[in-house]
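Student: Pasting a structure below so you can have a look.
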Amino acid sequence: MIELLISEDIKTGKKSNLYDESQPYHLLLEDGQKALLLPGSKKELFTLSRYQEELGKDFKRITFFLCPDRDFQISEGNFDEHDLTDFGDDDSDAPSSCNKRQKCEIDLTCNSDHKTSTQCSQFYQDQLMEMTPKLECEYQLDQDQKHECDQSKHVQQLQQLQQLEEDENLAFDLQRCYDVEDIITHEEENTTISDSSSVVTHLGRQVDESSNFFIVVRRVAPLDRTLSIWSREVKKNTGSTKKIVRVHFSGEKGIDSGAMAKEFFTITLPNIGTVIFPNGQPVDSTYHVHNGNFKVCGEIVAASIAQGGPAPCFLEESVSGLMADPNVPLQQLDSGKHLTTSDRELLDAIKEEIIAHTDTIIEHGYTGTVEASHTEEILSSVAISLVTKRLVYLKEFLNGLDSYGLKDIIQTHPEACKPLFVKNAGDIGAVDANYLFSSLHPEHAKEGSSRRKVEEATMDLLQDFLFHLEDDPNINCSGYAEAMASCEDTGKEAAGSQEELLLPDLTPAGVLGWLTGQKHKPISGEQISITVKFDHDCLIRNPKHQICFPVVRACAKEVTFPIAHMKTQETFNEILMLALSKGQSFAIHSSMEKQGRSSEDSDFTSTKVKSFASFRKSKGKEWKSRVTKFSKEEKKYEDVVVHLGLMEWNEKDQILKSKRGKRLPLRVSPNASYATLRQQAEEKWKTFHSNLYDESQPYHLLLEDGQKALLLPGSKKELFTLSRYQEELGKDFKRITFFLCPDRDFQISEGNFDEHDLTDFGDDDSDAPSSCNKRQKCEIDLTCNSDHKTSTQCSQFYQDQLMEMTPKLECEYQLDQDQKHECDQSKHVQQLQQLEEDENLAFDLQRCYDVEDIITHEEENTTISDSSSVVTHLGRQVDESSNFFIVVRRGAPLDRTLSIWSREVKKNTGSTKKIVRVHFSGEKGIDSGAMAKEFFTITLPNIGTVIFPNGQPVDSTYHVHNGNFKVCGEIVAASIAQGGPAPCFLEESVYGLMADPNVPLQQLDSGKHLTTSDRELLDAIKEDIMAHTDTIIEHGYTGTVEASHTEEILSSVAISLVTKRLVYLKEFLNGLDSYGLKDIIQTHPEACKPLFVKNAGDIGAVDANYLFSSLHPEHAKEGSSRRKVEEATMDLLQDFLFHLEDDPNINCSGYAEAMASCEDTGKEAAGSQEELLLPDLTPAGVLGWLTGQKHKPISGEQISITVKFDHDCLIRNPKHQICFPVVRACAKEVTFPIAHMKTQETFNEILMLALSKGQSFGMA
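Its first residue numbered 1, the sequence shown is counted upward by one per residue in full-length UniProt numbering.
See below:
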C-alpha cells in the first residue's frame, strides 16, 4: 500500500484545504527527486516494481509525495520565490516554468540493443506529459478509417477459418493412431479439500481416461486461434472437456501420450495470463464474452490443473476474491479488497485531475456533473463500473472452470484454491537445478564396474551443466534459435512470410520442459521421476560417425546419453546445449545417432542441423566462451546483497545510533574490500537518500557494533573482505547490515574531540577539526609476514589506512607535481609513525588479556524461520546441569503460583534457564519431566484467563507493582523452551504491540492497534457520548465532553488504552527476555506469531487419531492367542477415544476426585470445604493423563507412548476383582490389565474411572 501525502482525499476529504486546483502537481520520492527516472539512472524509466527492488522496502512502507509545480520550480532554481511576490497570495498566475535549464539529467538516446520501440514511445510520452503537462492532443478517427480497420479484421478471420479446416483434416488422420484398448470406469472418490494439492487430486479423479480430447495446433499459434480450435473440439465432444487432452503440434511428427499436452498447457497458460488477464485482471472486452474466450480460458485452465499442467498463477488477489465471493456490496466497495492496483492508480489519477479525465468518467457510466465538488460520487461510480464489468468477465471464466466443478470449490474453499490462481501466493512451480537433479534416476551398470564409473562421472557433468544454467541466467540464446517446423503433412508452409524461430529456454525449468513437456513442479505435490539411461555402444554400431546427441522420450520421462561423445565437461556442455537449442520440437525416427525429443517409444530428431565440426567452427570464440567451464583462476563470483544504514551521534545517549526506517539493499561482490564497499555504499546512499547525505563530510563504513570495517573483527593483521566477514559472522549476506557514518560524528564517538568543541563553528561545521592529537583507538599490527600476506595486500592495507585515518588532510589549492609528491610523502611518514605508536600500545594492552577462557557450552547458530525453529533455539539455552524446583498445590490460585515461582527465581539469582521440576503437594510422584509439563499445561491457560482476559493484558497497575506480568513472561518462556504448551491467548493487535511497541500514538489504526473490546468501547462512546462521561474522563480526556469533539474524545481514549497496554506488555516482555525471547519476537514476529496469537496456528490440537497414532504397543508373538487379545484391547481403546471425541458433553460431575491432602506435613489442605478435581474427558485430557501434556509438541516432534499388556494379574492374586491401568507419565508408558477389560462396556467403565480418580500422581 502506497500512501500519497497531501492528496489523501483530494478536494472533498481531510486534505481538501491543502489542494490547489490551479496548480499542476509533481510526484516526488522521499528525497525530493521527481519520480520520472529510476534514481541513479539516466535511461531507465521509473516503474514501481524496479524502485521497490532497488530500495529494498515492502511496498506498504514506500511513501511518495505530491508537490505543487510552483514549489517544485523554486526548489529546482527555475525562478526565485522573490519573483512571485507580485502575485500575492494567489499565485495561480505565477510562471510554472522558465528559461533556466532543468537540473534533471536525461539521456534521450535510445539504443536498440536495450530499449524497444514501445519503451521509447512510452519514454517520450512520459517526457512530454511531465515536462509539458498542458500539451494535449485530441483527435478522432473518421468513419472511413474505422471501416478500413473492420475489413482488415474480416480478412484475418477468413484466413483463420481456412487454417482451422486444414488442421481439422490433419487431426482426423492422426486420430486413427489412437486405438484405446482399456476402458476404465473410474468412480470419483470423495476428497477432503484442505489445500491446493487436495484440489488438484480432486480434479484429477474426474478425468475420463477412456477417451481423448484431441486438438492440432501450431506451436506458436496466436492465442485467439488456439482458443477457437479448443472451442470447436468442445462442440464436437458435446461440451465435454474431461477427456484426456492429447495434442499434436502441426509440422512436427511426435505422437502424444502426455508430454505434448503438458507442453501445450505450459505454453498456453502464460499466454492467457498475458492476453486475457493482463496485470492480473480480465481485459475489458465484451468481444471476449461474445465469442466465449473467457469461458474457453476457464476450460483450458481447469483441464491444465486436472491433467498435470501448470497452475494459472496470474491473478491479482482482489480478482481472485471476486471469483470466490461475487456477491460484493457495490455501494461499499473496499479499494484494498475489491480493486486492483491499476484500478487504484486510475482513481488516484482521476482524483488528482478530474477535468482531464472527463471522457473516462463518462465512459464508466457517470451521468452527473463532472466537477470537483462531486469527487466522491465520481470515484464511487467509476469503481462500481470497474467491478461490475469484471464480475461479468469472471462469471464467464468461472463457467469454464465449472467444467471440472472448480467454480464451487473456489467459492467454498477459497484459501485452498488461492495458491493456484493468485500471483506469488504459493511457490508451486519453482524449479531449480537441485530439484531437477533430484528427479533424475539413473539406471547404472553393476557396482564397481568401469561402465559404472563412467556413468557416475556423466551424472556429475550433468549436475555441473545444470548449475551453470542456473548461475548464469543471462546466457545469450539468440544464436540457438530453432526454425519452426513447416506443415509437412498438409504440404503447405506455416503462415507468415518470414521464418518463425523458437528460442530455447536455457534454465533448469527449460531443461525439465525439454525432458517431460512441463516446466513446473507438479501442482499435486508429487515428485517427478525421470529415468536416465546410458548408451556405451554407439561407436560399435556405427564406427565412422563423429557425434551423437541425447535421445529424449518425453512422454516416458526418459533420456539416454551417448557416453562416448560426452566424456569431458566441455564436450558435454557443447552437445547438450546444441541438443536443447535445436531439439525443442517433437519428431519420430529410429536412428540413435540423431538429436531431438520423442513423444513415446520412438527415437526422433528435429530439423536438419550442421555437423558438430562445422557448427563449432562457425561459432568460434562465442561458442567457447559460452560453454567452457571456468577454471578457478577465471571463476566469476556472483554479486550478493547486503543492507546499508546510517549511524549518527546521539546527543542524549552519547553513542552512535542507527537511523530507523532508512535501510537500503546494496548489491556488491562477495570479495569486496573495505574501500570498494564504502565507495559503493556511499554512491547508493547518495542516490536514494540525498536529503540525508552531506557532501561536505567524508563517510566511514561501520559494522553493526560501531567498529570501522577496516580489519576483520578480532584480527590485527587480516584485512576486511565481505566474504571473510560473512564466514566469521555466520549469517546470510542478506542479513548483514553495514552503516555509513559522517566523519564528524565518528570522531566524536572515538573521543578525538568533544561535541562542545564544535560550538564555535556554528551550524556549519565544515571547518570543524576532523582529527586531533588524541590517540586513535584502533589497534593495528603493521608487521607483514610473507607466509600469509602478499605485498599486494600490504599495499592495499596501507592505502586503506591512509584513506581512512587521514580523510581531512587535503590540499585546498592546486599543487604542481613536485609539491604534490612532497605532500604525499609527508602524509605517508606521519601515518606510519601514528600506526607504529598504536601497535606498541596494542601489544601493551594485550598483556592484560592473558586470561584463559573455559567455554562450557557453545551456542549453535540457529536460523529463525518458523515457530518450530524458535522452540529449538530456546531449547538449546536450557541448563541441564541443575534444577529449578518448586512445590505447588494442584488447584492453587494463580497469584499463589506466581508468588512461589517468583520466590524461587530470587533464590536462583534470577535464573530460570534451569530444568523446571515440580512437586504437587499432597501427591507422591517424583518428577522427571511429566509433572513439569502438567504444571505448564495447567498454569498457562490460567494466565490467559486471569492476566490476559479476552486476549489482552488486564488493566491493573497492581500486577506491575508485584511483578506478576514479568513472572508470567518467565513462565511462558520456560514453557516454550521446555516442552510445555504455547501461550496462544493473545489477540493479534496485542501481539503486534509486543513486536513493535514504537507505535505512532497520534495515528493509531483501530484494526492494527486496538482489540475487539477496544473497538466495541469506542463504538459505544461514539453512539452516546454523554452516557460515557465518566469513562471518558477516566481515560485522561480533559476537554469538553460533547458531540462536536467526538474525534478528539475517541483519539484520547484510544491513546489511553494503548499506552497502558504498552506498560503491561513491556513487563511481560521483560519476563520473556529470560530466554532472549523479546529480541526474537521483535526481529522475527511472523515466526513467533503462532506461539502467542489465538488461532494463528494449530500447534496444540489433539484428536483421537493423533493420540492413537502416538501409541506403540509391545505385542506378543505374531499369531499367538495373547497377540489376538492385545489387538482386540487396542481396538477397544480406539473406540473409547472415538467415543470421547464424538460426545464432548459427557457428564463428568459424578467422577470428581477429592484433592489430595498434605499427608507429609500432617495438615489438611487449605480451605474449609473439600476441593474437587474434575477430569478432562477428551482425547487431549487422555494425552495429559498419559504424559502430563495435553498438546502436540510445539517443536514439531512426534510423541511416542509405549503400551504394555498385563496378562498375569489373576495369577499373581486370584481373589481380586478389579485392576486399573498403570501409567508412568515421565516414561510415557501405560499398562492395561487384560483380564478385567475384555468387553467394550467393562473397558469403558474401568478406563473412565481410572481417568477420573487417577489425575493426581502417586507411587505405584
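Even for Gly, the Cβ is constructed at its ideal location relative to N, Cα and C.
None of the values given here were measured: they were computed from a predicted structure.
Does the Cβ of ILE409 have 16 or more other Cβ atoms within 10 Å, making it buried, or fewer, making it exposed?
Tutor: As a first step, residue 409 is located in the sequence shown; it is residue number 409 there, counting from the start. So ILE409 counts as buried.
Student: Who are the Cβ neighbours of THR1038 in its own chain at under 7 Å, not counting the five residues just before and after it?
Tutor: Position 1038 of the sequence shown holds residue 1038. Closer than 7 Å at Cβ, skipping near neighbours: no residue.
Student: By a C-beta neighbour count over all protein chains shown, 10 Å radius and 16 as the cutoff for buried, is GLU455 buried or exposed?
Tutor: As a working mapping, residue 455 is identified with position 455 in the sequence shown. GLU455 is buried by the Cβ-count criterion.
Student: Is it buried or exposed for TYR1075, if we count other Cβ within 10 angstroms and need 16 for buried?
Tutor: On the sequence shown, position 1075 is the one that residue 1075 refers to. Burial call: buried.
Student: Could you check where the beta strand (DSSP E) with VAL511 kicks off and where it finishes?
Tutor: Locating residue 511 in the sequence shown gives position 511, where the first residue counts as 1. Per DSSP, VAL511 belongs to no beta strand (DSSP E); it is in the alpha helix (DSSP H), 508 to 516.
Student: Ignore the nearest five residues each way along the sequence and tell me which others in THR1031's own chain have a CB closer than 8 Å to its CB.
Tutor: Residue 1031 sits at position 1031 when you count from the first residue of the sequence shown. Cβ within range, chain order: LEU1017, ILE1021 and VAL1053.
Student: Report the rounded CA-to-CA distance for LEU1132 versus ARG205, giving the unit in angstroms.
Tutor: Counting from one through the sequence shown, the residue named residue 1132 turns up at place 1132. Counting from one through the sequence shown, the residue named residue 205 turns up at place 205. Between LEU1132 and ARG205, the C-alpha separation is close to 35 Å.
Student: Tell me PRO504's beta-bridge partners as DSSP assigns them.
Tutor: The count along the sequence shown starts at 1 and reaches residue 504 at position 504. None; PRO504 has no bridge partner.
Student: Sorted by chain position, which residues of the same chain lie with C-beta nearer than 8 Å to LYS395's C-beta, five sequence neighbours on each side aside?
Tutor: Numbered from 1 along the sequence shown, position 395 holds the residue referred to as residue 395. Within the same chain, LYS395 has close Cβ partners PRO326.
Student: Considering only residues of the same chain and omitting the five flanking positions on each side of residue 1272, which have a CB-CB separation below 8 Å?
Tutor: In this structure the chain extends from 1 to 1260, so residue 1272 is not present and cannot be described.
Student: Could you pull out every residue in the same chain whose Cβ sits closer than 6 Å to the Cβ of TYR393, ignoring the five residues on either side in sequence?
Tutor: On the sequence shown, position 393 is the one that residue 393 refers to. Cβ neighbours of TYR393 beyond the five flanking positions: PRO282 and PHE294.
Student: Nearest by alpha-carbon distance to SER581: which of ARG744, ASP505 and GLN1134 is it?
Tutor: Looking up residue 581 in the sequence shown gives position 581. The residue with the shortest Cα to Cα distance from SER581 is ASP505.
Student: Exposed or buried, which one is GLN654 when buried takes at least 16 other CB atoms within 10 Å?
Tutor: For the purposes of this step, residue 654 is taken as residue 654 along the sequence shown, with counting starting at 1. GLN654 comes out exposed.
Student: State yes or no: is the C-beta of GLN1082 within less than 7 Å of the C-beta of THR1011?
Tutor: Within the sequence shown, numbered from 1, the residue matching residue 1082 stands at position 1082. Within the sequence shown, numbered from 1, the residue matching residue 1011 stands at position 1011. No, these two residues do not count as a Cβ contact at 7 Å.
Student: If you scan the segment 1001 to 1083 from start to end, which runs of the alpha helix (DSSP H) of 4 or more residues do you find wholly inside it?
Tutor: Segments of the alpha helix (DSSP H) lying fully in the segment 1001 to 1083: 1006 to 1009, 1012 to 1023, 1029 to 1034, 1046 to 1072 and 1077 to 1083.
Student: Rounded to whole angstroms, what's the CA-CA distance from TYR19 to PHE72? Just pull it up for me.
Tutor: Reading the sequence shown from its first residue, position 19 is the one you call residue 19. Reading the sequence shown from its first residue, position 72 is the one you call residue 72. Looking at the two C-alpha atoms, the distance is approximately 15 Å.
Student: On the criterion of 16 or more Cβ atoms from any shown chain inside 10 Å, does TYR958 qualify as buried, or is it exposed?
Tutor: Here residue 958 corresponds to residue number 958 of the sequence shown, with the count starting at 1. The residue in question, TYR958, is exposed, as its Cβ has fewer than 16 Cβ neighbours within 10 Å.
Student: Tell me the start and end of each unbroken beta strand (DSSP E) in the segment 885 to 955 that is at least 3 residues and wholly inside, in chain order.
Tutor: Listed in chain order, they are 914 to 920.
Student: THR458 and PHE561: beta carbons closer than 7 Å?
Tutor: By one-based count along the sequence shown, residue 458 stands at place 458. By one-based count along the sequence shown, residue 561 stands at place 561. Yes, they are a contact pair.
Student: How far does the beta strand (DSSP E) with LEU701 in it reach, from first residue to last?
Tutor: Here residue 701 refers to the residue found at position 701 of the sequence shown. Residues 699 to 702.
Student: Measuring alpha carbon to alpha carbon, tell me which of ASN279, SER373 and VAL216 ends up nearest GLU21.
Tutor: Counting from one through the sequence shown, the residue named residue 21 turns up at place 21. Ranking the options by Cα distance to GLU21, first place goes to SER373.
Student: Taking 8 Å as the threshold, find out whether the segment 528 to 539 comes into contact with the segment 198 to 217 through three or more Cβ pairs.
Tutor: No, the segment 528 to 539 does not touch the segment 198 to 217.
Student: Of the choices THR241, ASP343 and GLU574, whose alpha-carbon is the least far from that of GLU299?
Tutor: On the sequence shown, residue 299 is found 299 positions in, with the first residue counted as 1. Selected option, being the one with the closest Cα: THR241.
Student: In whole angstroms, what is the alpha-carbon distance linking HIS520 and VAL431?
Tutor: As a first step, residue 520 must be located in the sequence shown, where it is residue number 520. As a first step, residue 431 must be located in the sequence shown, where it is residue number 431. Taking the straight line joining both Cα atoms gives about 6 Å.
Student: Got a sec, what are the start and stop residues for the beta strand (DSSP E) SER381 sits in?
Tutor: In the sequence shown, the residue the question calls residue 381 occupies position 381. First-last for SER381: 375 to 401, but that is the alpha helix (DSSP H), not the beta strand (DSSP E).
Student: Flag this pair as touching only if the segment 1208 to 1215 and the segment 1099 to 1109 have three or more C-beta atom pairs under 8 Å; answer yes or no.
Tutor: Touching, no.
Student: Using 8 Å as the threshold, is the segment 296 to 315 in touch with the segment 257 to 277, meaning 3 or more CB pairs across them?
Tutor: Yes: at least three Cβ pairs fall under 8 Å.
Student: What residue range does the alpha helix (DSSP H) around residue 1291 cover?
Tutor: One cannot answer for residue 1291 here, as it falls past the ends of the chain, which runs 1 to 1260.
Student: Out of GLN23, GLY56 and SER882, state which residue places its alpha-carbon closest to the alpha-carbon of GLY645.
Tutor: Here residue 645 is taken as the residue at index 645 of the sequence shown, counted from 1. Residue GLY56 is the option with its Cα nearest to GLY645.
Student: According to DSSP, is MET647 helix, strand or coil?
Tutor: Residue mapping note: residue 647 aligns to position 647 of the sequence shown, counting from 1. Residue state, collapsed to three classes: strand.
Student: Using only CA atoms, which one of GLU988, LYS659 and HIS1035 lies nearest to ASN1095?
Tutor: Counted from its first residue, the sequence shown places residue 1095 at position 1095. Checked all of GLU988, LYS659 and HIS1035; the closest Cα to ASN1095 is GLU988.
Student: Which same chain residues, not among the five before or five after residue 1278, have their C-beta less than 7 Å away from its C-beta?
Tutor: In the structure as shown, the chain starts at 1 and stops at 1260, and residue 1278 therefore has no counterpart that could be examined.
Student: So, with DSSP's three-state summary, where would you put ARG1224?
Tutor: Here residue 1224 refers to the residue found at position 1224 when the sequence shown is read from its first residue. In the structure shown, ARG1224 sits in a strand (DSSP, three-state: E or B).
Student: Can you give me the C-alpha to C-alpha distance between LEU466 and ALA433, rounded to a whole angstrom?
Tutor: As a first step, residue 466 must be located in the sequence shown, where it is residue number 466. As a first step, residue 433 must be located in the sequence shown, where it is residue number 433. Taking the straight line from one Cα to the other gives about 5 Å.
Student: Between which residues of its own chain and LEU874 is the CB-CB distance below 6 Å, once the five residues before and five after are set aside?
Tutor: The residue you call residue 874 lines up with position 874 of the sequence shown. The residues are ILE976, ALA977 and TYR1075.
Student: Of the residues GLY517, SER439, THR1242 and ALA1043, which one's Cα is nearest the Cα of THR268?
Tutor: As a working mapping, residue 268 is identified with position 268 in the sequence shown. It is GLY517.
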